[in-house]
Every structure is written in structure tokens, then in C-alpha cells.
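Asker: First, the structure itself, so that you have it in front of you.
There are 2 protein chains.
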Amino acid sequence: MTTTAVNSYKALTDDSAIALARTLDFFPEGAKLESQEIGDGNLNYVFRITDSESGKGLIIKQALPYAKVVGESWPLTLKRATIEANALRKHGEFVPGLVPVVYATDANLALTVMEDLSHLTIAREGLIRGEAYPNLSKDIGEYLAKTLFQTSDFALHPFEKKRLAAEFSNPELCKITEDLVFTDPFFDFETNDFEPELRAEVEAIWNNGPLKLEAAKLKKSFLTDAEALLHGDLHTGSIFASDTETKVIDSEFAFYGPIGFDVGLFLANLIAQAVTREGEKREVVLHHIEQTWNVFSSNFSELWEQQGIEAFKDTAGYKEFVLEKIFQDAIGFAGCELIRRTIGLAHVKDLDSIEELERRIALKKQVLQTGEALILKRKELPSIAAVVALVEEQSR
Amino acid sequence: MTTTAVNSYKALTDDSAIALARTLDFFPEGAKLESQEIGDGNLNYVFRITDSESGKGLIIKQALPYAKVVGESWPLTLKRATIEANALRKHGEFVPGLVPVVYATDANLALTVMEDLSHLTIAREGLIRGEAYPNLSKDIGEYLAKTLFQTSDFALHPFEKKRLAAEFSNPELCKITEDLVFTDPFFDFETNDFEPELRAEVEAIWNNGPLKLEAAKLKKSFLTDAEALLHGDLHTGSIFASDTETKVIDSEFAFYGPIGFDVGLFLANLIAQAVTREGEKREVVLHHIEQTWNVFSSNFSELWEQQGIEAFKDTAGYKEFVLEKIFQDAIGFAGCELIRRTIGLAHVKDLDSIEELERRIALKKQVLQTGEALILKRKELPSIAAVVALVEEQSR
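Those protein sequences? They're chains W and U, same order as listed. This note's numbering applies: residue 21 is where the first sequence begins, and numbers increase by one. This note's numbering applies: residue 21 is where the second sequence begins, and numbers increase by one.
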């Protein structure tokens, strides 16, 4: 049920969102519908439409023609709504249980109608409150392996892969990452944002030649390595979770890029959460870090063996080479993410919500050091256990 | 002057080619025009239209809706005519003297009207006859540096680079390379074609695990490394030359791929020519090999310094890293090209035209060994001089 309106773009209101929902063969005729706008209003409207009798609901997400970040506003392509919906659908082919169902889309109105996941919590919020989310890393490891393997040259006919790569060309959203993750934090650019107490550490990064060289290589990989259809922004704020469910949302950054990017972004956000915890609660997150990689690599390996179409797939060492590249890329990308989430434009609440200044600064210094070490040592770290050990070492 | 016909596809004849030429504001009104079909008829018609009074002429190249190779015939997209013309124009922005001028195109008829280069010789043919082409490597080194640097992320705004990458998505032609260069020769596939005298060497390749692993890595790079707008088929048969001029033609394989592929293909075809020569004539070609890389890398380096837009361009070691990657890729791709031109579907006349069986087989064995060594040692060879030394060593 795709709506085929030829409307030009117009921002939805509660009333027009309800009217749209009524056209969708989702609610019973004459249902009493309510609408609530639950988005943060920076990039999108998110209307939750519910049938007050049955409690049944759906989400209408509409992209705004601009982005607001820390008071700034700049125009941003509406095409991202189509990218997001199409990526959810494509990934949903491989992990139907781990993404929301897309009910309908309208490219002109830049909207996606999808499954209501309001019974779940944004993983970042829950983690900050101390949740364990026992299935999180198993589910995300599976999500990563299946979505990334199945959209790569290892699984797709080259015509289909290249068709998808062109379809998911996403220059505007990629540029946000190119700038905010891979460039600005490594230079004295005005987009950066950090406490004055971190200035010495930040200037050390700007003056760290070897670190910048490795960041340049990772940026090049992001710009050129068209390996698979990435989510493109897989942090813990893009995941809904409960103790039993995991759903990945917000795939408007999807594009064909290096497999390790999705893996690394998720790992980095777990690391940024782990450092804020202590004792057993910390162990839970460190275990998620290890398990994400372990589940990803074993699932990827199994798919390679069972469904791989590459003529060289049985050539000794090739699967291991590919997994090693993904691992090293992921660790490097995780390092870039840790740095930018500490001193760049967009921070993480895990760290920023720590009220005590001294502790916040100490943890941020630690995160910066971990990020630098991951970037510089990504080809030496032999295993995900060694990554966790490095995170632990930086905490002492 | 772009013709905007809405014709559906129809193969040209001498008469319709002349009629088309008359519409182009190229020849004086009432000129007495003659047409000669000079293509090889496997992939394209090539009509040379001349004004018998002035001697002035132009070329109309029309893609055929199928490809014929060794008697086989398979359908092949007509879109390649548009890719070819657009790549000639895009590359022509940076090296106007090294590609033919495109006068007009017609996507529906799959044709390109371009500069008549009949006063030049296909470089492969001339080289086989012993020509030296003193400008060849200087010109191709410059062509490679300028076309590849200027279409890369190092020179283009990311929006423009990604727009071009999508425009030049070229799945069908890429698949020919993926199969014939990177896959089939490494397996006992029926497309392969070699003298029975080479069977032992060929079977050794099929059973050489480490070689196949490196070939798999190079194939992966071809499939995923969207670095620059390549020519995509830059062998000596795609180059017109004289003692003073060089023009690169036949860019229907153009796509966004690894920079080293264009460099390596050209180097391999020079190597396949060098081994057929002796003494000073051989030195001429060995010098071309060295000079191609040296001119390419110094031009690329100069463009990087003077026109590079990458924020990390002055980060110590980054330019060197990029040039080293291109070099290693190029040497590996050259190795694949040498192997496939010896035992794959499409051979080179440099070797196949050697009538004496014993010498032909000896040289082909030598080319296979060189190809294998280049693939396996590409990360150890410190310089282009070391590559030439390796070629020489295999000749002894």
C-alpha cells in the first residue's frame, strides 16, 4: 500500500496526519484516531497516530526540508525520506524482526508510515538508565551480518549491487559524516564543541600528525569503499530496545560504504556507555562489545559459506582477509566516532549528562585517549577481546 | 551540437551515416561526402565520413546491440555509447589534447560523432611493427594523472563526485572485466583459451592458492574502490599514436573504480610488448614503462599540491600513502592483465602474432610468470625500476 499522491511538499499537522492515516486501510472505518507529535523537531516530524479504542497505532515520519543543530539551520534534501524507507525495506528483507515494518511512503511529502514501536525505548536512553538489554548485541550482530553481507558483492549479482549503489547514492547525508566524523574534529574548525578543560587534549589531536594520517585513510575508505548498503548512522540512539526486542530505525544515512563503518559506530557508542559504568553494570556493556563482533563475524562467516556467490569464496584465506579488513576498519571508525562524540558538533548524552564536571572531563579525556589508540592500533589489535582490554586499560 | 533525435535504435548504413553527417554543420553545404565502415564489426560500427574535396572528415561510431567474441554473440547494453561519449567529454575537460573531440551524440541511436584520427595508428599495431612512439608514455602518464586526479575526491566536491559515480554506473561492461580479467583465468572456465603447450602452467595457476587469494583481493578492489572515473580499458589498442600525437579512445568501459586499474592495464600491455622485443627496441618500451609511472606520479603529486581540496592534503605521509596504494594496485592489476591476455578469452596480438610456436610458447610462459610475480610481490616491489628489473629477470 504505497500512497501515490502527486502532492508537492507540505508539512503535516496532527489533523492532516490523521486524515492521511485514514486512507491507509490500517484502522477500522470510523475509528477514533488521535495524533501526537513525538519527534525532536530537529530533522523530522514524527506523528504517532493511535486508535483510542484498540490502542493500535502507527508512526508517520516526515522529513523537514532543513536541519537544526545547536541553533543553526541549513537546508537538507527531502530525498532522505525515500532513502530511509527504501533502506528499511531492503534491510527488512534480511532481518524482518529487527527493523520496523514500512506500511507506506510518499516521496513528495517526504514521509514514511511505519510500525509503532512506542512500547520500546531508545537504547541509548535505556542504557544511560542502567538497562542491560540482554539481546542487544546478539540482535545487532545478526543485523549487521545479514544486512551487510546480503547487500555486498559476496551475495548479490553485480548488476543488482550496482543498481542499489546508484539508488542509494546519498551525497548530502554522507557529507555530514565526512565533515563531522572524519574532518572537523581533527582541525580547529568552528563546528567543534568541547569544554575548555579539554583544550590541551584537543589541540594535541590537531597537532598529532600520525593520528591525522590514519584519520585521513579512514575518511578515504568512507568516501570510496562501496562494499555494502550501510545503515550509515548506527549509534545507540538509532535503536529501539527492550529486554526481548531490538529494532533499528533512522536509516536516512544509508549508502554503499565500508562494512566496518556500521560495526564500528555501534561499538564506539557501546564504549562511550561502558566508560560511564562501574562493576557488573560495566561488564554487561563490555560483554555487548565482544558479543557484537563475535555474533557478527560468526553470522557473516556462515552466510559466506552457505550463500556466498563469489567465485573465490573457497580460496584459502579470502574470507579471513575480508573479516580482518572489516575488523580493522571497524576499530578505526570506532575511534573516529569516539573522538567526534566528545569534541565535535554532536555529542552523546552518555557523557554529556554526567553532571559532575571533574568526572565528566576525566571520562571525556579517557574516551579521547581510547579513540586515538583505536585509530592508531587498529591493525595491531588481534581480537575484539584486545579491544575491550584496551578500553579497560584506558580506565585505570 | 547535440542531435536530439527521438529515433528508436536502427543500425546505420553508409547512406544514413552520410545523411546524418550532413545535418551536423561540419561539412560545407553540398559537399561531396563519402562513407567507409572501418570498424571491426564486433562491438561497433565505425563510419569514416570524408569530404572528397577538402579531405576533411569525421567519425560516426555506433554501438551494436550485441558483442561478438570468437564467434559467440551476446546482447550488450547500448547505454555504453552514452558512457563512452560522456567519459570522452569529461576526460577531455582535463586533457583536451589527448582525447578526440566529441562533436555530437545520440543516445537512442547509440552513436557518437567525433574527431577523425585516421592519420594516426593504433598504438598496439605500431608497437608490434617496432615503432618507438617517443611521446607515448609522457602523454599517457599525463592523461592518467589528470583524468584520475581531477575526477577523484581529492579534486571534486563530494556532491559532484557522487553524481558522476552514479552517472557512470556501468554494470554490464564492468562485468566483462570482472569475469574475463579477475575470475575466469584463475579457474577452469570454458571461456579460457590457451595453447595445449601451456596447460601445465595454466593448471598451476588454477591450483596456486596464494595467487588466487591475491587475485581475489584485486577483484574486490575493482568491485568496490570507487576512487576516480577510469577509462576502464586502457590497453594499447585503445590508443591512437604517432611520433608526435597520442589520443585515447574507446572509453565505453568507464566507471568509478580504483585509480591503479587504468595505470596497471597500460603498464601490462607495455610489458606484453616489451617481452617480444630485443636490444635497443626493447629498451624503448622498458623506458616507456618507467616513464609512464614517473610522469603519472609527478603530475599527480603536483595536482595534489596545487589543486587538491582534501582537508588532510597537507597531513604528512597522506599523499605518499595514496600514491603507494595506487602503485601497488597498478602492479597487481598489471599482473592480472598479463595472465588473462595469455590464457583468457581475449588475447593480445603482440604475443599471438608470433608465428614460431616455440618462441610464442616460451614468451607466453614468461608473461605468465611475470604476471604471477607482479600479483604476489606487488607490496614488496619498491619502485617502477624494480618492476622493470623483474620483467627483465623473467626474460633470462
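Every residue, glycine too, gets a C-beta built ideally from N, C-alpha and C. All figures in this text were calculated on a predicted structure; none of them were measured in a lab.
What three-state label does DSSP hand Tyr-163(U) in the structure shown?
Answerer: Along the second sequence, read from residue 1 onward, the residue named residue 163(U) stands at position 143. Residue state, collapsed to three classes: helix.
Asker: Can you tell me where the alpha helix (DSSP H) with Ala-406(W) in it begins and where it stops?
Answerer: Translated into the one-based positions of the first sequence, residue 406(W) becomes position 386. 404-415 is the extent of the alpha helix (DSSP H) around Ala-406(W).
Asker: Put Thr-102(W) into one of helix, strand or coil per three-state DSSP.
Answerer: Locating residue 102(W) in the first sequence gives position 82, where the first residue counts as 1. Three-state result, Thr-102(W): helix.
Asker: Determine the DSSP secondary structure at Thr-203(U), reduced to helix, strand or coil.
Answerer: Within the second sequence, the letter at position 183 stands for residue 203(U). If DSSP states are grouped into helix, strand and coil, Thr-203(U) belongs with coil.
Asker: Interface residues of chain W around Ala-186(U) at Cβ under 7 Å?
Answerer: Taking the second sequence and counting its residues from 1, one reaches residue 186(U) at position 166. Residues of chain W passing the Cβ test: Ala-186 and Ser-189.
Asker: Under 8 Å Cβ-Cβ, which residues of chain W neighbour Asp-173(U)?
Answerer: Stepping through the second sequence from its first residue, residue 173(U) is reached at position 153. Correct list: Lys-240, Leu-243 and Thr-244.
Asker: Measuring only the C-alpha atoms, how far is Ala-152(W) from Asp-263(W)?
Answerer: On the first sequence, position 132 is the one that residue 152(W) refers to. On the first sequence, position 243 is the one that residue 263(W) refers to. Distance between the alpha carbons of Ala-152(W) and Asp-263(W) is about 8 Å.
Asker: Here's a check: name, in chain order, each residue in its chain whose Cβ is nearer than 8 Å to the Cβ of Trp-94(U), leaving out the five neighbours to either side.
Answerer: For the purposes of this step, residue 94(U) is taken as residue 74 along the second sequence, with counting starting at 1. Within the same chain, Trp-94(U) has close Cβ partners Tyr-86 and Ala-87.
Asker: In angstroms, rounded to a whole number, what distance separates the CA positions of Val-66(U) and Leu-365(U)?
Answerer: As a position in the second sequence, residue 66(U) is number 46, starting the count at 1. As a position in the second sequence, residue 365(U) is number 345, starting the count at 1. Going by the C-alpha atoms only, they are around 24 Å apart.
Asker: Here's the rule I'm using: 16 or more other beta-carbon atoms within 10 Å means buried, otherwise exposed. How should Phe-169(W) be labelled?
Answerer: Against the first sequence, residue 169(W) aligns to sequence position 149. So Phe-169(W) counts as buried.
Asker: I'd like to check one pair, Ile-279(U) with Ile-291(U): are the Cβ atoms closer than 8 Å?
Answerer: For the purposes of this step, residue 291(U) is taken as residue 271 along the second sequence, with counting starting at 1. For the purposes of this step, residue 279(U) is taken as residue 259 along the second sequence, with counting starting at 1. Against a cut-off of 8 Å, the Cβ pair of Ile-279(U) and Ile-291(U) comes out as no contact.
Asker: Against Pro-178(W), what residues of chain U qualify as contacts under a CB-to-CB distance less than 8 Å, listed in chain order?
Answerer: Here residue 178(W) refers to the residue found at position 158 of the first sequence. Result: Pro-191, Cys-194, Lys-195, Glu-198 and Leu-243.
Asker: Taking the straight line between their C-alpha atoms, what separation do you get for Val-427(U) and Leu-108(U)?
Answerer: Past the edges of chain U, shown from 21 to 416, lies residue 427(U), and the structure says nothing about it.
Asker: Buried or exposed for Met-21(U), going by 16 or more other Cβ atoms inside 10 Å?
Answerer: For the purposes of this step, residue 21(U) is taken as residue 1 along the second sequence, with counting starting at 1. Caution is warranted here: a pLDDT of 42 is assigned to Met-21(U), below 50, making its placement in the model unreliable, and no coordinate value can be reported.
Asker: Beta carbon of Asn-212(U), beta carbon of His-255(U): below 8 Å?
Answerer: Position 192 of the second sequence, counting from 1, holds the residue named residue 212(U). Position 235 of the second sequence, counting from 1, holds the residue named residue 255(U). Contact flag unset, no.
Asker: Looking at the unbroken beta strand (DSSP E) that takes in Ala-248(U), where does it start and where does it end?
Answerer: For the purposes of this step, residue 248(U) is taken as the residue at position 228 of the second sequence. Segment 248-250, the beta strand (DSSP E) holding Ala-248(U).
Asker: For chain U, find out if any of its Cβ atoms is closer than 8 Å to the Cβ of Lys-146(W); answer yes or no.
Answerer: Mapped onto the first sequence, residue 146(W) falls at position 126. This sequence places Gly at residue 146(W); Lys is not what is there. Not one chain U Cβ lies under 8 Å of Gly-146(W).
Asker: Name the residue from Leu-32(U), Ala-331(U) and Leu-118(U) whose alpha carbon lies nearest to the alpha carbon of Phe-209(W).
Answerer: Along the first sequence, read from residue 1 onward, the residue named residue 209(W) stands at position 189. With distances taken between Cα atoms, Phe-209(W) lies closest to Ala-331(U).
Asker: Looking only at C-alpha atoms, which of Ala-405(W), Thr-141(W), Lys-158(W) and Thr-203(W) sits nearest to Ala-3(W)?
Answerer: One cannot answer for residue 3(W) here, as it falls past the ends of chain W, which runs 21 to 416.
Asker: How long is the line joining the alpha carbons of Ser-28(U) and Leu-129(U), rounded to whole angstroms?
Answerer: Position 8 of the second sequence, counted from the first residue, corresponds to residue 28(U). Position 109 of the second sequence, counted from the first residue, corresponds to residue 129(U). Cα to Cα, the separation comes out at about 7 Å.
Asker: Using a Cβ cut-off of 9 Å, pull out every chain U residue sitting near Lys-232(W), in sequence order please.
Answerer: In the first sequence, the residue the question calls residue 232(W) occupies position 212. What Lys-232(W) touches in chain U: Phe-332, Thr-335, Ala-336 and Tyr-338.
Asker: Which two residues bound the contiguous alpha helix (DSSP H) that contains Thr-70(W)?
Answerer: For this step, residue 70(W) is matched to residue 50 along the first sequence. Looking at the DSSP string, Thr-70(W) is not in any alpha helix (DSSP H); the run it does join, the beta strand (DSSP E), is 64-71.
Asker: Can the beta-carbon of Gly-252(W) be found closer than 8 Å to that of Ser-271(W)?
Answerer: Walking along the first sequence from the start, residue 252(W) turns up at place 232. Walking along the first sequence from the start, residue 271(W) turns up at place 251. Contact flag set, yes.
Asker: Which residues does DSSP pair with Gln-82(U) in a beta bridge?
Answerer: What you label residue 82(U) is simply residue 62 of the second sequence in a count that begins at 1. Gln-82(U) pairs with Tyr-65(U) and Leu-131(U).
Asker: Taking a contact to mean a Cβ-Cβ separation below 8 Å, would you say Gly-161(W) touches Leu-238(W) in this structure?
Answerer: Locating residue 161(W) in the first sequence gives position 141, where the first residue counts as 1. Locating residue 238(W) in the first sequence gives position 218, where the first residue counts as 1. In this structure, Leu-238(W) does not lie closer than 8 Å to Gly-161(W) by Cβ.
Asker: May I have the straight-line CA-CA distance separating Asp-136(W) from Leu-78(W), to the nearest angstrom?
Answerer: The count along the first sequence starts at 1 and reaches residue 136(W) at position 116. The count along the first sequence starts at 1 and reaches residue 78(W) at position 58. Using only the alpha carbons, I get a separation of about 4 Å.
Asker: Just grab the DSSP bridge partners of Asp-126(U) for me.
Answerer: In the second sequence, the residue the question calls residue 126(U) occupies position 106. According to DSSP, which records beta bridges pairwise, Asp-126(U) is partnered with Leu-131(U).
Asker: On the DSSP letters alone, give me the boundaries of the beta strand (DSSP E) that Ser-439(W) sits inside.
Answerer: Here chain W covers residues 21 to 416 and nothing more, so residue 439(W) does not appear.
Asker: Out of Ile-80(U), Leu-200(U) and Arg-416(U), state which residue places its alpha-carbon closest to the alpha-carbon of Gln-56(U).
Answerer: In the second sequence, the residue the question calls residue 56(U) occupies position 36. Out of Ile-80(U), Leu-200(U) and Arg-416(U), Ile-80(U) has the C-alpha closest to the C-alpha of Gln-56(U).
Asker: Residues in the same chain with beta-carbon distance under 7 Å from Arg-302(W), minus the five sequence neighbours each way, listed in chain order, please.
Answerer: Here residue 302(W) refers to the residue found at position 282 when the first sequence is read from its first residue. Taken in chain order, the residues that qualify are Ala-294.
Asker: Per DSSP, what are the beta-bridge partners of Ile-259(W) in this structure?
Answerer: Looking up residue 259(W) in the first sequence gives position 239. Answer is Val-268(W).
Asker: What does Gly-229(W) touch in chain U if you count any residue whose Cβ is under 7 Å from its own?
Answerer: Sequence index remark: in the first sequence, residue 229(W) carries index 209 (1-based). Per Cβ cutoff of 7 Å: Thr-335 and Ala-336.
Asker: So with Cβ pairs under 8 Å, would you call Met-247(U) a contact of chain W?
Answerer: Locating residue 247(U) in the second sequence gives position 227, counting from the first residue. In the sequence under discussion, the amino acid at residue 247(U) is Glu, which differs from the Met named in the question. Yes, Glu-247(U) counts as interfacial toward chain W.
Asker: How about the segment 316-335 of chain W and the segment 379-397 of chain W: do they share at least three Cβ pairs that are nearer than 8 Å?
Answerer: Touching, no.
Asker: Taking C-beta pairs closer than 7 Å, name the residues in chain W that Ala-236(U) reaches, listed in chain order.
Answerer: What you label residue 236(U) is simply residue 216 of the second sequence in a count that begins at 1. In chain order: Phe-332, Thr-335 and Tyr-338.
Asker: Less than 8 Å between the C-beta atoms of Phe-202(U) and Ala-235(U), yes or no?
Answerer: Taking the second sequence and counting its residues from 1, one reaches residue 202(U) at position 182. Taking the second sequence and counting its residues from 1, one reaches residue 235(U) at position 215. Yes, the Cβ-Cβ distance between Phe-202(U) and Ala-235(U) is below 8 Å.
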